[in-house]
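*Asks:* Below you will find the structure I want to go over with you.
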Amino acid sequence: MSTRREPLRCRILLLLEGLELTVSELCAVLQMPQSSVSRHLKALDEGGWVAARREGTSRLYLANAAALRGPDRELWALVREQVLASTAVDQDRQRLASILALRLSRSQEFFASAADRWSAVRSELFGQRFDLEGLVGLLDARWIVGDLGCGTGQTSSTLAPWVHRVVAVDESEAMLDAARSRLHEMPNVDLRRGRLEALPISDGELDIAILMLVLHHLAEPQLAIGEAMRALKPGGRLLVVDMLPHQREEYRRQMGHVWLGFAEAQIRGWFEELGLKAVRFNPVPADPEAAGPALFASSARQPLREAMPLPEPAAIGA
Ligand SMILES: C[S@@+](CC[C@H](N)C(=O)[O-])C[C@H]1O[C@@H](n2cnc3c(N)ncnc32)[C@H](O)[C@@H]1O
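Okay, here's the thing in structure tokens:
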């Protein structure tokens, strides 16, 4: 590709270094008709110098970084030097800056006019919960998480792609069967049958323990909290999600609830009596489509192991 014979192709390649442009954007920058730009793009594409992808009705072009780093790297470095020195390239750069400013102002215009309806557009397009599902990506990939009272495994299935292992425990064989079929493609979920008051989990096996919508079924929730603590590593975290106090007496009959929700003081009291640290408690913002009582989330930390006291100086020589 000589700069004398193909100056336009070199200018195109320069524009497409690290920046995707459509044919019409290239036409505007180069001030060339679409037919000429398309012809040059086709030749560059066939030579492997650019890559194209379709987005809706547009085709976006980008310089092929692998080709620019490959055997033709030295050729391109030489040609690039010569092209950079031309005034046409200066002009291209200035027009490119205006095109990019136009792209930006289109999105700024959209947000300026959409500020009052963005929340509605956001949930209409993407649903109410996608951000929470995405935030799970912040979890540490080395963690072992206990989903205690896992039911049909919904929480386990959200967590499993992001952590090392999920240990999912439930006493109900029917629930575990449903969890098994939901989680059969997630080999890092370890389903175990057992009771929350005597977990089938070794001391210090877990980095995180979750009690999601289970405490209200237990006669003595503090036993399950104590067991979760035993299963946590020093510094491991416990998360409880459950209902705030409510009046739905019928839940006792219909679903075997023992507790009609929990007040903050109750949860804090159990956590603190058991020695959990850094207790936090927050109501969960209500889902407008949910018919049940309001929920809270409360987290706390298993204390870090106490440092061994240093021996008294006298004892060292003894
Ligand atoms: C309301 S479901 C919640 C399931 C799941 N955590 C969720 O968020 O969908 C409560 C689960 O706790 C289990 N469970 C209740 N008491 C239990 C106990 N003492 N030991 C083990 N599992 C228990 C039940 O079998 C049920 O699967």
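Quick note on our numbering: the sequence shown kicks off at 43 and runs consecutively. Ideal Cβ positions, reconstructed from N, Cα and C, are used throughout, including at glycine. The structure presented is a predicted model; accordingly, all values stated were derived computationally and were not measured.
1) Could you tell me if Ala202 is buried or exposed, where buried requires 16 or more neighbouring beta carbons within 10 angstroms of its beta carbon?
2) Alpha carbon to alpha carbon, how far is Ala221 from Gln196? Give it in angstroms, no decimals.
3) Could you check if Leu144 is buried or exposed, using at least 16 other CB atoms within 10 Å of its CB as the buried criterion?
4) In the DSSP assignment, what residue or residues form a beta bridge with Ala210?
5) With a threshold of 16 other CB atoms inside 10 Å of the CB of Asn324, please say whether the residue is buried or exposed.
6) To which residues of the same chain is Leu281 closer than 6 Å at the C-beta, ignoring the five residues directly before and after it?
7) Indicate, with yes or no, if ligand 2 has a heavy atom lying under 7 Å from the CB of Leu286.
8) Short of 6 Å in beta carbon distance, which residues of its chain neighbour Leu181, apart from the five on each side in sequence? Order them along the chain.
9) Quick one: Cα of Ser198 to Cα of Ser147, how far?
10) Quick one: does the C-beta of Val7 sit closer than 7 Å to a heavy atom of ligand 1?
11) Take the Cβ of Phe172 as the centre, count every other Cβ of all protein chains shown within 10 Å, and call the residue buried at 16 or more, exposed below.
12) Hey, would you say the C-beta of Asp212 is under 7 Å away from at least one heavy atom of ligand 1?
13) Going residue by residue through the segment 214-279, where are the continuous beta strand (DSSP E) segments of at least 3 residues, counting only ones entirely within it?
14) Under a Cβ-count criterion, where at least 16 other Cβ atoms within 10 Å of its own Cβ denotes burial, should Pro263 be classed as buried or exposed?
15) For Ile141, which residues in the same chain have their Cβ closer than 7 Å to its Cβ, ignoring the five residues on either side in sequence?
16) Could you check whether the Cβ of Leu238 sits closer than 7 Å to any heavy atom belonging to ligand 1?
17) If you compare alpha carbons, which of Gly278, Asn230, Leu174 and Trp301 is closest to His258?
18) Provide the residue span of the alpha helix (DSSP H) that contains Phe172, from first to last.
19) Closer than 7 Å to a non-hydrogen atom of ligand 1 - does that hold for the CB of Gln264?
20) Locate the beta strand (DSSP E) running through Pro325, then write down its first and last residues.
21) What does the Cβ neighbour count give for Glu59, buried or exposed, with the cut at 16 atoms within 10 Å?
*Replies:* From the atom records:
1) By the neighbour-count criterion, in which 16 or more other beta carbons inside 10 Å mark a residue as buried, Ala202 falls on the buried side.
2) When rounded, the distance between both Cα atoms is 8 Å.
3) In this structure Leu144 is exposed. Its beta-carbon is surrounded by fewer than 16 other beta-carbon atoms within 10 angstroms.
4) Per DSSP, Asp189 and Leu233.
5) Per the 10 Å Cβ criterion, exposed.
6) If the five residues before and after Leu281 are omitted, its C-beta is found closer than 6 Å to the C-beta atoms of Ile252 and Ser341, all from its own chain and listed in chain order.
7) Looking for ligand 2 in the displayed structure turns up nothing; the ligands present are ligand 1.
8) These residues qualify, in order along the chain: Trp204 and Val205.
9) Answer to the nearest angstrom: the Cα atoms are 43 Å apart.
10) The question about residue 7 has no answer here: the residues shown for the chain are numbered 43 through 360.
11) So Phe172 counts as exposed.
12) It does: the Cβ of Asp212 is within 7 Å (strictly closer) of some heavy atom of ligand 1.
13) Fully enclosed beta strand (DSSP E) runs of 3 or longer: 231-235 and 248-254.
14) It is buried - the Cβ of Pro263 has at least 16 other Cβ atoms within 10 Å.
15) Taking C-beta separations shorter than 7 Å and ignoring five residues to either side along the sequence, the partners of Ile141 in its chain run Glu67, Ala70 and Val71, following chain order.
16) Indeed, a heavy atom of ligand 1 lies less than 7 Å from the Cβ.
17) When only C-alpha atoms are compared, the closest one is Trp301.
18) Where Phe172 is concerned, the enclosing alpha helix (DSSP H) stretches over Phe172 to Leu177.
19) No, the Cβ of Gln264 stays beyond 7 Å of every heavy atom of ligand 1.
20) For Pro325, the enclosing beta strand (DSSP E) covers residues Lys319 to Pro325.
21) Exposed, since its Cβ has fewer than 16 Cβ neighbours within 10 Å.
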